[in-house]
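Trainee:
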Amino acid sequence: MTTRHLIPVLGDQLSLTLASLADADPARDVILMAEVLQEATYVRHHKLKIAFIFSAMRHFAEELRERGFRVRYVALDDPNNRGALSGEVQRALDALKPQAVIVTEAGEWRLMEEMRGWRQTFGLPVEIRPDHRFLCSHAGFRRWAEGRRALTMEFFYREMRRSTGLLMQGDQPAGGRWNFDAENRKPASPDLLRPGRLRIEPDAMTRAVLDLVEARFPDHIGRLDRFGFAVTRADAEALQDAFMADHLPQFGATQDAMLASDPFLNHALLSFYINIGLLDPLSVCRAAEREWLEGRAPLNAVEGFIRQIIGWREYVRGVYWLKMPGYRDSNFLDAARPLPAFFWTAETDMACLSTVITETIDHAYAHHIQRLMVTGNFALLAGLLPQAVHEWYLEVYADAYEWVELPNVIGMSLFADGGVLGSKPYAASGNYIAKMSDYCQTCRYDVKTKTGEGACPFNALYWDFLDRNGGKLSGNHRLAQPYATWRRMSEAQRQDYRASAARFLARLDAGERV
Ligand code: FAD
Ligand code: DLZ
Ligand code: SF4
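Just add 169 to wherever you are in the sequence shown, counting from 1, and you've got the working numbering.
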């Protein structure tokens, strides 16, 4: 059988609506999917993440075959597997001799650069199509960004509301306001009535992948015994429905809260499926909007949820493509400290970090405020090297792809981009964590003690961070208040903070348990 087009589909392109599949002809085209070592190890991804992606890829190949498509699927343990996507494209070209390659653009810069070279490498026409699963094109974002002094997410988000029509009444926002965060972000308390999460029992195909991953990636972080991800479109949709019914109404109120007994609270746990292509972001938002229209969820919750997807998600992707490739090397604050070992083991006496990292090891998930205000805040205050922090986030979370992870880490969390993405660093002392979580209640450290033995390390680190970076940050008007407080302190008090932070950082550098 002759082949017209070879259509490579990547592990995060598992959507029937993919641009490269739009005119695919089951009789004449071949779809190529390949599990390759290069993608699984260019950073050492969490075991759950690799298993999730491989199993979802295998199930998607089945879905395509059921629709009559010819799929060339290369498993990781195929003895002829060349270990890299380009190698597998070359092998498929040699075997099938198609007239052209049709592909949807890669999400990550690294792979997109490789794809751009394919025409030259392979010596045949290669058509790279845009990824229409995103609502804002690269050109659209560039147009929006052009000439702006600041890339303020809130204004981008309003454009996205207008262009999608989500939560709009004519040209006005539903409820008269664009943003209902003033009603959101309250602390939470344990609630035994909060519905649990649907766990999808691994089928035979997933169980085979779990064995493969355990055998081939034994040294990667994480554990596989609790694998419960959806790996089919139908199961991902079931999880979406359960979220809408059980958690969306409380989404806003508990969005920033953290509880040791409840790692998920009312978060969606849908980023895995949206990012891989099993759920479509706009359809998820329309489903949430319907919950409000039909009176099952309040506007503050639905608006907050939709903002994360058509606002933040689209916005960080826009910033990534606007600023790459230099963005990855940003280090505005000249932070240089290596990642402490406890990021891999959770072995620290700081209860907040130990809880969040343990949950990360167990689930390849932490919710936004855990990522931003616990691990991220610590990395910022302790001056950890941004590129090491970036690699950690890319490895440990099952929803992590560089286009979304990098701006959140380099920009939002570490301020390493000097303020492209956020107008100030999200730096906070222990007080914030104490207010928004119950972690401090079981901690060896005392959040109310500011310096010295037994004091919460975040307290001295916070002031030391501001002091250390005063040359770069004290002119930031959003930090005027903390800098004024710092200046009002006595010199003895300031010295006490500096010394306390220095002692902590010296112990960290010496590899002592902190
Ligand atoms: P919810 O809190 O329920 O939010 C709903 C949806 O909104 C998410 O599914 C996601 O699609 C979207 N969303 C929310 N916040 C963001 C955001 N800041 N950027 C992009 N999309 C957002 N998200 C990833 O998808 N991949 C990452 O690798 C990633 N790394 C992050 C690293 C740091 C340091 C921080 C601070 C945030 C990161 N985020 C990342 C954003 C956010 O934390 C996750 O999207 C969210 O925790 C996913 O869980 P959820 O589905 O329960 O989200
Ligand atoms: C993340 C990932 C992993 C672990 N493995 C594969 C793989 O074996 N084959 C594949 O096609 N894609 C994989 N992916 C997803 C890619 O890394 C992702 O498509 C690129 O990073 C572009 O976003
Ligand atoms: Fe974290 Fe400090 Fe609270 Fe301990 S006391 S949990 S280190 S914020």
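Glycine included, C-beta positions come from ideal geometry on N, C-alpha and C.
(1) The ligand DLZ heavy atoms versus the CB of residue 531: any closer than 7 Å?
(2) Secondary structure at residue 273, three-state DSSP: helix, strand or coil?
(3) Among residues of its own chain, excluding the 5 on either side of residue 494, which ones have a beta-carbon nearer than 6 Å to its beta-carbon?
(4) When we look at the beta-carbon of residue 617 and count the other beta-carbons within 10 Å, is it buried (16 or more) or exposed?
(5) Roughly how many angstroms separate the alpha carbons of residue 435 and residue 400, rounded to a whole number?
(6) Residue 302: beta carbon under 7 Å from a heavy atom of the ligand FAD?
(7) When every heavy atom of the ligand MN is checked, does at least one fall within less than 7 Å of the C-beta of residue 181?
(8) Mind reading off the beta-carbon distance from residue 291 to residue 262? Whole number of angstroms is fine, and I expect it under 8 Å.
(9) Quick check on the DSSP output: what are the complete alpha helix (DSSP H) runs of length 4 or more inside the stretch 441–491, in order along the chain?
(10) I'd like to check one pair, residue 479 with residue 115: are the Cβ atoms closer than 8 Å?
(11) Tell me the rounded alpha-carbon separation between residue 503 and residue 466.
(12) With a threshold of 6 Å on Cβ separation, who are the neighbours of residue 696 within its own chain once the five nearest residues in sequence on each side are excluded?
(13) Quick check on the DSSP output: the alpha helix (DSSP H) that includes residue 177 runs from which residue to which?
(14) For residue 520 versus residue 611, is the C-beta distance shorter than 8 Å?
(15) Going by beta carbon distance, what residues of the same chain come within less than 6 Å of residue 114, once the five residues before and after it are set aside?
(16) Grab me the residues of residue 451's own chain with a C-beta within less than 7 Å of its C-beta, minus the 5 sequence neighbours each way, in chain order.
(17) Can you look up residue 390 in the DSSP assignment and give me helix, strand or coil?
(18) Please classify residue 268: does DSSP put it in a helix, a strand, or coil?
(19) Just tell me which of 197, 180 and 186 has its CA closest to the CA of residue 206.
(20) Using a Cβ distance threshold of 8 Å, determine whether the stretch 338–358 contacts the stretch 580–595, with at least three qualifying pairs required.
(21) Cβ of residue 731 within 8 Å of Cβ of residue 524?
(22) Could you check if residue 581 is buried or exposed, using at least 16 other CB atoms within 10 Å of its CB as the buried criterion?
(23) Could you give the DSSP three-state label for residue 686: helix, strand or coil?
(24) Return the Cβ separation of residue 470 and residue 418 in integer angstroms, given the expectation that the two are a contact with Cβ distance under 8 Å.
(25) Whole angstroms are fine: how far does the CA of residue 283 sit from the CA of residue 297?
(26) Indicate, with yes or no, if the ligand FAD has a heavy atom lying under 7 Å from the CB of residue 666.
(27) Return the CA-CA distance between residue 414 and residue 622, expressed in angstroms with no decimal places.
(28) For residue 234 and chain B, any beta-carbon pair shorter than 8 Å?
Mentor: From the atom records:
(1) no
(2) strand
(3) 278
(4) exposed
(5) 22 Å
(6) no
(7) The ligand MN is not part of this structure, which contains only the ligand FAD, the ligand DLZ and the ligand SF4.
(8) 6 Å
(9) 450–462 and 468–475
(10) For the chain, the structure presents residues 170 to 683; residue 115 sits outside this window and is missing.
(11) 45 Å
(12) Look at the range of the chain in this structure, 170 to 683, and you will see that residue 696 is not part of it.
(13) No alpha helix (DSSP H) holds residue 177; the beta strand (DSSP E) holding it covers 174–177.
(14) yes
(15) Since the first residue shown for the chain is 170 and the last is 683, residue 114 is missing from the structure and cannot be characterised.
(16) 304 and 333
(17) coil
(18) coil
(19) 180
(20) no
(21) Past the boundaries of the shown model lies residue 731; the chain is included only from 170 to 683, so the question cannot be answered.
(22) buried
(23) Past the edges of the chain, shown from 170 to 683, lies residue 686, and the structure says nothing about it.
(24) 6 Å
(25) 12 Å
(26) no
(27) 47 Å
(28) Absence of chain B from the displayed structure is noted, only one protein chain being present.
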